Amino acid sequence: MSAPTAINPQQREGVLESATKIKQLSQEPGNFLIDLLVQQQQFTSIKWLLHFKIPEMIPVAPKGISYDDLSSRTGISSNTIRAVARMAMTADFLAETKDGLSTHSQLSRSLVEDQDLANWLSYVVNRNVPMTYGFIEATERWPNTTSVTETAFNVSSKTELSFFDWLEANPKMGTEFGEYMKSQAAATTDGGVEHLVNGFDWKSLGKATIVDVGGGEGDASFALVHAYPELRLIVQDLSHAKAGAQAKIAALDAPIKSRVEWQEYDFREVQQVKGADVYFLRTVLHNWPDDGAVKILQRVVEAMGPSSRIIIMDMVLPTPGDKRVFEGALRQKDLMMRQAFNAPEREVEDWYSLVGKVDKRLELVAITRPEGSVHSLLEIKLRN
């Protein structure tokens with residue numbers, strides 16, 4: 001049975017948290033170990049099915065296809081296909097008709113037919129998870145490193161390049177990563193720009209200039225200028241985002257277009273815009289260990305005026321044991337960032353520590369997480 005779609009996200013989160021807590025309280029050690037094996041085989045089965053493109057051959061219920069027909073199409077034993085498919089079914093991926101034909105579950109149908117979900121799933125099984133297999137070796141080789149070239153990614157990909165340098169050297173992989181990021185954004189709402197628009201009192205700023213540091217093609221800035229007619233946005237990023245940003249700006253209505261500007265800028269260099277009302281960094285600092293994040297923020301501080309503020313939108317890891325499902329979703333991202341960049345997602349005390357390292361005049365005055373968002377908004381000001 002697939003998850004119901006009628007309940008709202010908050011209700012669904014509550015159901016999942018309760019079900020997870022009941023399961024954890026009910027498990028004995030042996031059940032836990034078996035569950036680990038089940039999850040591993042579920043993942044392996046789904047990866048295997050995708051590799052041989054079997055989900056693409058399976059029709060939607062009530063139609064189905066026999067395992068013998070799948071065997072004829074793939075050259076793989078029908079017994080093997082059946083065994084793998086039935087393991088995947090324990091995760092609600094695929095199903096069978098009453099007469100034993102292979103068909104899609106609601107979940108597997110969504111993951112095959114929705115291109116965003118399909119891209120996301122493909123990247124998870126072919127890139128994200130294999131990277132985790134290099135984590136132990138990377139830690140053994142570089143136990144205390146923060147270098148971006150001494151990571152689980154370097155081990156699993158057999159490269160001495162950093163993650164982003166590797167993407168630049170392998171354009172096909174760069175495109176694949178870009179599609180993965182876009183797919184994640186399109187397929188989920190917990191990281192959406194609506195949480196930015198509604199999560200801070202932007203209207204109180206009045207006629208303000210906001211510098212969107214590392215803002216890519218400007219999607220977050222476009223959402224703000226549409227919602228708040230007095231704001232002026234300056235989007236800054238490296239040259240790879242220029243063409244896409246300029247095309248999007250050109251498509252804006254004239255009154256909005258006049259309030260958006262795109263600048264080529266490396267946030268490790270001297271900040272070009274001095275004394276802006278707000279310097280905004282959305283999901284930028286989690287790509288960087290503390291030493292790199294400190295340098296990025298110091299460039300901002302150098303440009304700030306007395307009333308300027310920094311607003312960061314990024315993850316703040318929850319208190320351990322608070323909400324297991326929500327916490328697990330964020331902590332897997334924390335480990336993924338460490339495995340790719342040696343950069344952490346940060347807990348509350350980590351953010352206070354980071355701000356203190358940047359400049360003693362800075363004060364972290366507020367941390368809020370908009371309802372339904374995986375990201376929090378952090379407001380930082382200069383002390384009087």
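In this text, residue positions in the sequence shown follow full-length UniProt numbering: the first is 1, and each later residue adds one.
C-beta atoms are modelled at their ideal positions from N, C-alpha and C, and glycine is treated no differently.
Bear in mind the structure is a predicted one, so any value in this text is a computation, not a measurement.
Between the CA atoms of residue j and residue i - distance to the nearest angstrom
i      : j      : result
Asp253 : Tyr180 : 29 Å
His375 : Ile296 : 20 Å
Leu111 : Thr149 : 33 Å
Val260 : Val294 : 28 Å
Gly356 : Asp290 : 11 Å
Val232 : Arg383 : Reading off the sequence shown, one finds Arg at residue 232, where the question assumed Val. So the two alpha carbons sit approximately 25 Å from each other.
Asn198 : Ala208 : 17 Å
Leu330 : Glu168 : 27 Å
Ser162 : Ser77  : 41 Å
Gly372 : Phe326 : 11 Å
Arg282 : Met87  : 40 Å
Leu317 : Gly75  : 47 Å
Arg127 : Glu113 : 21 Å
Ser2   : Asp314 : Summary for Ser2: the model assigns pLDDT 48, below 50, so the residue's position carries little reliability; its value from the coordinates is reported in the next sentence. If you take the alpha carbons of Ser2 and Asp314, they lie about 31 Å apart.
Ser157 : Asp350 : 30 Å
Lys274 : Asp266 : 15 Å
Lys98  : Lys53  : 24 Å
Met304 : Ala276 : 7 Å
Ser307 : Ile367 : 19 Å
Gly30  : Val301 : 54 Å
Ala251 : Pro62  : 44 Å
Gln332 : Gly206 : 39 Å
Glu17  : Gln40  : 22 Å
Glu140 : Gly100 : 48 Å
Gln328 : Glu28  : For clarity, residue 328 is Gly in the given sequence; the question names Gln instead. Each residue's Cα considered, the two are about 20 Å apart.
Same chain, Cβ closer than 6 Å to residue i, five either side skipped, listed in chain order
i      : result
Val155 : Gly134, Glu137, Ala138
Arg324 : Thr20
Trp166 : Thr159
Glu347 : Leu317
Trp288 : Ala343
Arg12  : none
Ile256 : Val225
Buried or exposed (CB count within 10 angstroms, at least 16 for buried), residue i
i      : result
Leu354 : buried
Asn79  : exposed
Thr151 : buried
Ile34  : exposed
Ser45  : buried
His104 : buried
Gln24  : exposed
Glu345 : buried
Asp68  : exposed
Ile7   : exposed
Ile22  : exposed
Leu362 : buried
Ser221 : buried
Ala243 : exposed
Leu229 : Before going further, note that residue 229 is Pro rather than Leu in the sequence given. Classification for Pro229: exposed.
Leu50  : buried
Gly192 : buried
Pro320 : exposed
Pair within 7 Å by beta-carbon distance, residue i and residue j
i      : j      : result
Ala187 : Leu117 : yes
Gln272 : Val358 : no
Val365 : Ile311 : no
Gly214 : Asp190 : no
His195 : Pro370 : yes
Phe93  : Leu70  : no
Ser102 : Gly64  : yes
Glu217 : Ala241 : yes
Gln339 : Met131 : yes
Ala247 : Trp262 : no
Val84  : Trp48  : yes
Phe153 : Leu377 : no
Met57  : Arg73  : yes
Val235 : Asp219 : no
Ile210 : Phe280 : yes
Met336 : His286 : no
Which residues DSSP lists as bridging residue i, in chain order
i      : result
Ala254 : Partner(s): none; Ala254 has no beta bridge.
Ser102 : Ile65, Glu96
Trp262 : Val235
Glu347 : Leu317
Ala366 : Glu379
Tyr279 : Val211, Ile310
Chain-order list of residues whose beta-carbon lies under 8 Å from that of residue i (same chain, five-residue window excluded)
i      : result
Trp120 : Tyr180, Ser183, Gln184, Ala187
Ser147 : Asn342
Thr90  : Val38, Gln42
Close beta carbons around residue i, own chain, < 7 Å, minus the five adjacent residues each side
i      : result
Arg309 : Val278, Glu379, Ile380, Lys381
Tyr352 : Leu364
Ala95  : Ala61, Met89, Thr103, His104, Ser105
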